[in-house]
Amino acid sequence: MGSSEKRTSLALGSLDEQASGAAFDPALLVGLTTCLRVEPTFSPRWHLQARVLGLSAATHQSIERLRVDQLRQTLQREALFDRQRSLATPPDLTRLCVIHPTGAAGYADVAAELDRWQSAGLLILQRHETPFEGERAAAGLIAALMMAADTVEGVRPDLIMIVRGGGASAGLQSLNNESLIRTVCRCPVPIVSGVGHAVDRTLLDEVAWRACDTPSKALALVARLIGAPAGRARADLGAITTAARQRIASATDGLSLARDRVVAAVDKAVDQAGADLRTLEVGLDSAKRSRSQSLAQCRIDADRL
Numbered sequence: 019m020g021s022s023e024k025r026t027s028l029a030l031g032s033l034d035e036q037a038s039g040a041a042f043d044p045a046l047l048v049g050l051t052t053c054l055r056v057e058p059t060f061s062p063r064w065h066l067q068a069r070v071l072g073l074s075a076a077t078h079q080s081i082e083r084l085r086v087d088q089l090r091q092t093l094q095r096e097a098l099f100d101r102q103r104s105l106a107t108p109p110d111l112t113r114l115c116v117i118h119p120t121g122a123a124g125y126a127d128v129a130a131e132l133d134r135w136q137s138a139g140l141l142i143l144q145r146h147e148t149p150f151e152g153e154r155a156a157a158g159l160i161a162a163l164m165m166a167a168d169t170v171e172g173v174r175p176d177l178i179m180i181v182r183g184g185g186a187s188a189g190l191q192s193l194n195n196e197s198l199i200r201t202v203c204r205c206p207v208p209i210v211s212g213v214g215h216a217v218d219r220t221l222l223d224e225v226a227w228r229a230c231d232t233p234s235k236a237l238a239l240v241a242r243l244i245g246a247p248a249g250r251a252r253a254d255l256g257a258i259t260t261a262a263r264q265r266i267a268s269a270t271d272g273l274s275l276a277r278d279r280v281v282a283a284v285d286k287a288v289d290q291a292g293a294d295l296r297t298l299e300v301g302l303d304s305a306k307r308s309r310s311q312s313l314a315q316c317r318i319d320a321d322r323l
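With the first letter of the sequence shown counted as 1, position 281 gets the number 299 in our numbering; the numbers rise by one all the way through.
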């Protein structure tokens, strides 16, 4: 019995990925208590064997949590986890790329607002539609992200939005895909996520430049970024106006002082000229008297002769 149990245990422990219906590392099952749906078989050589047909939903969730934790730690060791958040804020957001699933109900309002901004000349908008669920979802998202981050006429976009617009939480699986997450981390363009779930955060939310609960909140963030240059312009205009007023006030004070000095100098010059004129008048009067006296003396002297 001991030998049979060992062979049975080995058979169960050597299951491949296809047996579970989802790709996972079998080592993640170590230490877990789970329910398996199996098909037993008997071999004359290997005795009792079993082929796993499926894992319980709870087991899938536990495995996924372990896998995400391991990937998070790996990205942190490789200095990739915080790379997106170290990117600078776009100083002037004019080029936006949006990655979204086809026909997402919650995306319609966001799309309408983005179209309105583009019509007003505020944005140059690009869209990339791709499924967020299914076997090829991660590959499609990676391809869309690489196209979104590519240069168009030598210019990269200022920002990339990845939005989902609601849906079942089970559809978030692709947003924890390792290849996708690594592509996001290495992307040179800031990425904003808005997948529509406030509770069920994904690795995409953790590594993105900014994470928003919903597409509408992601749209609000984009609106603030678009309006930021106008805010800076208003602040600069206020600073320029204040500085100009200060300069004008200072110049006005200087002109007033100069005017007072000129007026004082003119008054002083006028007073001095008046004094000089009075001195001349006194001198003229004295000269006239002296001449009159001289003439009178000449007449007296002439009469004596």
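We treat Cβ as the ideally placed atom computed from N, Cα and C, and that holds for glycine.
These figures come from a predicted structure and were not determined experimentally.
Query raised in the report: Does A226 get closer than 8 Å to chain C when you measure Cβ to Cβ?
Result: No chain C appears in the structure shown, which is made up of a single protein chain.
Query raised in the report: In chain order, what residues of the same chain have a beta carbon less than 6 Å from the beta carbon of Q144, not counting five sequence neighbours either side?
Result: Here the set comprises C115.
Query raised in the report: DSSP state of C115, grouped into three classes?
Result: C115 falls in the strand class under three-state DSSP.
Report task. Could you tell me which of Q191, S268, L239 sits nearest to G212, measuring between CA atoms? Result -> The residue with the shortest Cα to Cα distance from G212 is L239.
Query raised in the report: Quick one: complete alpha helix (DSSP H) runs, 4+ long, within the region 173-249?
Result: The region 173-249 contains these whole alpha helix (DSSP H) runs: 196-204, 221-225.
Query raised in the report: What whole-angstrom Cβ distance do I199 and L222 have, given they're in contact under 8 Å?
Result: Under the criterion of beta carbons closer than 8 Å, I199 and L222 qualify as touching, at roughly 7 Å.
Query raised in the report: What's the C-alpha gap between A282 and A267?
Result: Using only the alpha carbons, I get a separation of about 22 Å.
**Report entry** Candidates L66, I258, A314, R219: closest to D231 by CA position
**Finding:** That would be R219, whose Cα lies nearest to the Cα of D231.
Report task. Kindly give me the distance between the Cβ atoms of I142 and I178, rounded to whole angstroms, as I take these residues to be in contact under 8 Å. Result -> About 13 Å; that fails the 8 Å criterion.
Report task. Can you tell me which of the three DSSP states T297 falls into? Result -> When secondary structure is reduced to three states using DSSP, T297 falls in the helix class.
Report task. Tell me, please, which residues DSSP counts as bridged to T59. Result -> In the DSSP output, where bridge partners are listed per residue, T59 has Q67.
**Report entry** Strand pairing of Q311, partner residues [DSSP]
**Finding:** The beta-bridge partner set that DSSP reports for Q311 is empty.
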